[in-house]
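For the sequence shown, numbering that gives the first Met the number 0 assigns the number 0 to the initial residue and increments by one for each residue that follows.
All C-beta atoms in this analysis are idealised placements derived from N, C-alpha and C, irrespective of residue type, glycine included.
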Amino acid sequence: MNNKTLDTSRPQNFFGTSEARLKEIFSNWKVETYRVHQVFTWVYHYRCTNFSEMTNLSKSLRSRLAENFYFSLPKIQHRTHSKDGSTKYSFELDDGVIVESVWMPSDSRNTLCLSTQAGCRLNCSFCLTASLGLQRNLTTSEIIGQYLAVNGEQENQITNIVFMGMGEPLDNYGPVVDALHLMTSPEAMKVSTRKITVSTAGLVDKMKTFQKENLAINLAVSLNASDNATRDQLMPINKKYPIEVLIDCLKKYPLKPRRRHTIEYVLLADVNDSDEDARRLAKWLRDVPCKINLIPFNSFDSSEYRPPAEERILQFQNFLIEQNFSTFVRRNRAADILGACGQLAAQSAVNTPGSSGASFENP
Ligand code: SAH
0 MNNKTLDTSR
10 PQNFFGTSEA
20 RLKEIFSNWK
30 VETYRVHQVF
40 TWVYHYRCTN
50 FSEMTNLSKS
60 LRSRLAENFY
70 FSLPKIQHRT
80 HSKDGSTKYS
90 FELDDGVIVE
100 SVWMPSDSRN
110 TLCLSTQAGC
120 RLNCSFCLTA
130 SLGLQRNLTT
140 SEIIGQYLAV
150 NGEQENQITN
160 IVFMGMGEPL
170 DNYGPVVDAL
180 HLMTSPEAMK
190 VSTRKITVST
200 AGLVDKMKTF
210 QKENLAINLA
220 VSLNASDNAT
230 RDQLMPINKK
240 YPIEVLIDCL
250 KKYPLKPRRR
260 HTIEYVLLAD
270 VNDSDEDARR
280 LAKWLRDVPC
290 KINLIPFNSF
300 DSSEYRPPAE
310 ERILQFQNFL
320 IEQNFSTFVR
330 RNRAADILGA
340 CGQLAAQSAV
350 NTPGSSGASF
360 ENP
């Protein structure tokens, strides 16, 4: 839980205010804490954003809430629609920073890929967002605001949420954890923990803290290489948390029954796509309860990398399947609208029209 000092001196955004914080405020106001549940029901269940309509609260509490809270969602600056039904949303935040989310409907689910930071500071060599550096962390309200804004205008509700947009979720730990608590709390947004995946480059210390959060959220780990020398090149964070440390953390990570981790592996031609890579990958993952998502690299102009040929991708996949790993190839969604999470902001920064960053499909 993000421990902020109580500051009720100026109005704050109700979206993003955690249950714990509201309880703290109510207890300070000498209001029964079960009232928090009533307010949350109005806001997240009935979507009421006018305190005066919350008729089971006293008039004085209603006006006190109105004095201290406002409701604000990130402004949708632009929607880009793909032929495959996906929509990329560009949000303009209060300070003009742009972040984006991608809505990806399919027959079985409607997935939202959302951002946790504007830019990123991990500097992975294959990722276009890295070229932005870290502009800033998003607040809890900006994170859940992406969900609420998209859900508010789509006819079909979001069923799955993937934290795979711009940024490294565990590098913006407090606000992300608060957002996850709000999303999954039965008092608030009530999204099942099974329907949420947080993708990380493997910040092992944060993963160890995260497993104690009582959240039981699925983790996806971007492994992306089968040896430390290559991973050092691709993901500088590997120098701090090398593969053996990351794998050890995954082996010890408590999982609920029938759950498993997702291992993401960006396939880069002649870098990490050999038979030897597949063999080493299988060896690392031997005792890790996981499924593997292979992501053929999405090229962009300034990048030296290329995706492997289709045949190589399939050979790599088949080897892992023969080794009894559930292995999927994550195909490009929304390619026609440059629908990769983080792409628009990255694009405006490096001015590479037609470029393509990460592609995301339901994990
Ligand atoms: N920082 C987090 C989440 C954002 S990136 C993480 O590293 O997991 C989400 C996924 O997209 C990661 O698996 C990343 O390795 C992958 N990715 C980034 N750039 C890519 C590209 N150009 N092509 C294919 N996948 C990419």
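C340 classed as buried or exposed, judged by whether at least 16 other C-beta atoms fall within 10 angstroms: The pLDDT assigned to C340 is 40, lower than 50, so where the model puts this residue is not dependable, and the model offers no usable value.
T199: CB within 7 Å of a non-hydrogen atom of ligand 1: yes
Beta-carbon gap between E167 and T139 smaller than 8 Å: no
Straight-line gap, T40 to G164 (C-alpha atoms, nearest Å): 29 Å
Cβ neighbour criterion (16 or more within 10 Å) applied to V244: exposed
Under the three-state DSSP convention, the category A187 falls into: coil
Alpha-carbon to alpha-carbon, W283 and I246: 7 Å
Test item: CB-CB of Y304 and L267 under 8 Å: yes
Expected contact under 8 Å - CB spacing of G144 and F14 to nearest Å: 6 Å
Residues near S89 in its chain [Cβ-Cβ closer than 7 Å; skip 5 each side]: Q76, H77, I97, E99 and L343
Per DSSP, the bridge partner or partners of Q210: None; Q210 has no bridge partner.
Cβ distance (whole Å) where N171 is taken to contact N217 below 8 Å: About 18 Å; that fails the 8 Å criterion.
Segment contact flag, the segment 58 to 67 with the segment 127 to 135, C-beta cutoff 8 Å, min 3 pairs: no
Reference D106; option with closest CA among F125, G84 and L280: G84
Residues bridged to L111 (per DSSP): W102 and I160
S221 Cβ short of 7 Å to ligand 1 heavy atom set: yes
Same chain, Cβ closer than 6 Å to V175, five either side skipped, listed in chain order: T115 and P168
is_contact[K250, chain B] using C-beta, thresh 8 Å: Included in the structure is just one protein chain, with no chain B present.
4 or more residues per run - each alpha helix (DSSP H) lying fully within the segment 224 to 284: 227 to 233, 242 to 251 and 274 to 283
Straight-line gap, E393 to T196 (C-alpha atoms, nearest Å): No answer is possible for residue 393: it lies beyond the span of the chain, which begins at 0 and ends at 362.
Paired residues, beta bridge with A19 - DSSP: Paired residues: none, contrary to the question.
Cutoff 6 Å; reference I160; Cβ partners in own chain excluding five residues on either side: L111 and I195
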